[in-house]
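Inspection log for the structure reproduced underneath, given as C-alpha cells.
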Amino acid sequence: MHIKVLLISVLAFFATACADARDERFAIEEIASFNSPWAMAFLPDGRLLVTEKPGQLLVVTQDGRQSAPVGGVPEVDHGGQGGLGDVALHPGFADNGLIYLSYAEAGENKTRGAAVARGKLTLTADGGTLADVTVIWRQVPKVSGRGHFGHRLLFDDDGYLFISSGERQKFDPAQDMQSNLGKILRLRDDGSVPDDNPFADRGGVTAQIWSVGHRNPLGIAFDARGRLWNVEMGPKGGDELNLVMRGGNYGYPLVSNGDHYNGNDIPDHDTRPEFEAPKAWWTPVISPGDLMFYSGELFPAWRDNAFIAGLSAEALVRVEVDDDTAREAERYPMKKRIRAVVQGPDDALWLLEDRKGGRLLRLRPR
Ligand SMILES: [Ca+2]
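Note that this note's numbering has the sequence shown beginning at 184, numbered continuously upward.
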C-alpha cells in the first residue's frame, strides 16, 4: 500500500514536471557568450554586431562564431556603468557601410560623458574594420561619476537618429534646457540638428532636445504605428515605460512614482499633471535595460507587444500596448540579468545577458 502511494506520488511529480516544461513558451538556445555584452545589431548578411562594455566590437555568426575585435573602435572609458554601449546601423548601411557606436568618453579632471561616433565598417569573411571614425554627438556637460549614461541609439524611417541620454546621477540636469543630460535627442545622421526639432530655434544643445525630464533611459523603440517609446530606470521604485511625445517633459527629478534612495520623497506623477506620466510603471523595479516591439511571424500572438529586458528582474517582460495605456502581460524568468532584446531576421527573440560570461540567447517557439 505504501509503495503504491509512493509510486503514485513519484508519477504525479514527473507529470507535473513535464507539464511545466511543456508550458514554457519558447525553446532557449545558447548561441555564444561574451565579456559583459551590452548591445547587438543584425547585419544585412545575417551576422550580428555585438558590443562588449570593456570596448570590443565583434562580428558574430548566427551559429555563434565570433570574430577578433573589430579594429578602429574609439577608446572608451570603461568602469561602473560606462564603456562601449550601443551599436546601430545607418538606414543606408547596405550602400554606405556606416555604423554608430555610443560609449563613455573620458574628459578632464575625472569627468566623463557619453559620446556617439560613426564610422565606415568594412566587413570581411571573418570580421571587420572601422575607418573614418567621427564623433557626431557628446553629452554636455561632462560630469563626475560613472553612472546613467543612457545612450541607446535608434533611427526612424526618415533617417533621423534618436539618442537616449541619462542624467548621470546628477538629478537637476534632466530639467536644464542648457544641458542634453536626462533628455531624448533627435539629430540628423551627421549629428546636425533638424530644423523641425521642438526647440530648434533656441540653438546650442537645446536644439537637439526631443523630450525632457528622463532619468536613465536605457531603451527606445518605435511601435507598429511609428510612435516612440522609452523605458527608464526609476530611482527607488518607479521604473517607467513612456510614450515619448515631441517636446514632452517626463518630470524627473520633480516627479517620480519612486523616491530617492536616501528616503527623501519625490512627489508622484499624479500630483503634477503638467508632466507626462508613464503608461506603465513598476514598483518593485524591473530595471529595464532595453525595449523593442515585436513585429514577426514566429510569435503571432505577440505582434505589436513591447518586450523589455529586465536587469534586476532577471526576466523578459512582455507588455501589451493600447492607444493610451500599457500593462505588463507576462514575465518570463531567465535567471540572469537581461541587458538587451532584439527581433532577429528569423523573427526569433534574441537576448543578451549582462556581465562577464553574458550569453547570446535565441528564443523560438517550443
Ligand atoms: Ca514618489
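Glycine included, C-beta positions come from ideal geometry on N, C-alpha and C.
Predicted, not measured: the structure shown is a model, and the values here were computed from it.
Using only CA atoms, which one of the options lies nearest to residue i?
i    : options                : result
K366 : L499, N399, A300       : N399
S285 : R549, N292, Q264, E480 : Q264
K419 : L494, W412, N447, G302 : N447
F217 : Y477, S250, H334       : S250
E288 : A277, N425, R321       : R321
R230 : D537, W533, D355, K539 : W533
P252 : Q245, D379, F490, K236 : K236
F338 : A314, D269, R522       : D269
A383 : F354, G421, G296, G430 : G430
T307 : T244, G262, S495       : T244
N488 : G296, L368, G290, D406 : D406
Y444 : D453, G421, V427, H452 : G421
I449 : V242, I319, A496, F354 : F354
D340 : D379, E457, G275, D453 : G275
E212 : D246, L241, T234, L240 : D246
V525 : I491, S495, E497       : I491
V427 : S439, E459, G441       : E459
S495 : W412, R514, Q361       : R514
I469 : D453, E457, H452, E497 : E497
V323 : G417, R408, G387       : G387
L232 : A297, A298, D309       : D309
Alpha carbon to alpha carbon, how far is residue i from residue j?
i    : j    : result
L474 : K293 : 31 Å
L364 : R549 : 43 Å
V502 : L272 : 26 Å
Y283 : G238 : 14 Å
P471 : S327 : 24 Å
A531 : A210 : 10 Å
D372 : Q391 : 13 Å
G349 : V504 : 25 Å
M223 : P516 : 21 Å
L267 : I214 : 21 Å
D529 : L499 : 19 Å
Y343 : G396 : 21 Å
G255 : R410 : 35 Å
E415 : T305 : 34 Å
Y435 : D359 : 11 Å
R547 : P461 : 30 Å
L543 : A357 : 33 Å
R248 : R385 : 49 Å
A277 : P227 : 7 Å
R301 : L281 : 7 Å
R538 : I521 : 9 Å
D506 : G290 : 43 Å
T466 : G311 : 43 Å
E258 : A484 : 43 Å
G479 : G402 : 19 Å
R208 : V242 : 29 Å
A204 : A404 : Any reading at A204 must be qualified, since the residue scores a pLDDT of 40, below 50, and its modelled position is unreliable; the value itself is stated next. Each residue's alpha carbon lies about 32 Å from the other.
L240 : L313 : 10 Å
R545 : Q361 : 42 Å
G441 : F476 : 25 Å
R351 : F225 : 29 Å
R486 : I319 : 34 Å
N380 : W412 : 17 Å
S394 : D451 : 19 Å
L370 : K519 : 34 Å
N177 : D453 : As displayed, the chain neither begins before 184 nor continues past 549, which places residue 177 out of reach and without an answer.
R417 : R295 : Strictly speaking, residue 417 in this sequence is Gly, with Arg absent from that position. So the two alpha carbons sit approximately 22 Å from each other.
S556 : G527 : Since the first and last residues shown for the chain are 184 and 549, residue 556 lies out of range.
D206 : A523 : Note that D206 scores a pLDDT of 45, beneath 50, so its modelled location is shaky and nothing firm can be said.
E457 : N279 : 43 Å
F345 : L368 : 5 Å
A298 : P377 : 19 Å
When burial is assigned at 16 or more other CB atoms within 10 Å of the CB, is residue i buried or exposed?
i    : result
T199 : Any reading at T199 must be qualified, since the residue scores a pLDDT of 42, below 50, and its modelled position is unreliable; the value itself is stated next. Under this definition T199 is an exposed residue.
Y433 : buried
T317 : exposed
S375 : exposed
T389 : buried
D260 : buried
E423 : buried
T508 : exposed
G262 : exposed
R408 : exposed
For residue i and residue j, which I take to be in contact (beta-carbon distance under 8 Å), what is that distance rounded to the nearest angstrom?
i    : j    : result
P220 : G493 : Incorrect: roughly 16 Å between the Cβ atoms, too far for contact.
R455 : L481 : Rounded, the Cβ-Cβ distance is 42 Å, inconsistent with contact.
E536 : A463 : Actually they are not in contact, since the Cβ atoms of E536 and A463 sit about 24 Å apart, beyond 8 Å.
D315 : K325 : Their Cβ separation, rounded to whole angstroms, is 25 Å, which puts D315 and K325 out of contact at 8 Å.
H331 : S347 : Wrong, their Cβ atoms sit about 11 Å apart, outside the cutoff.
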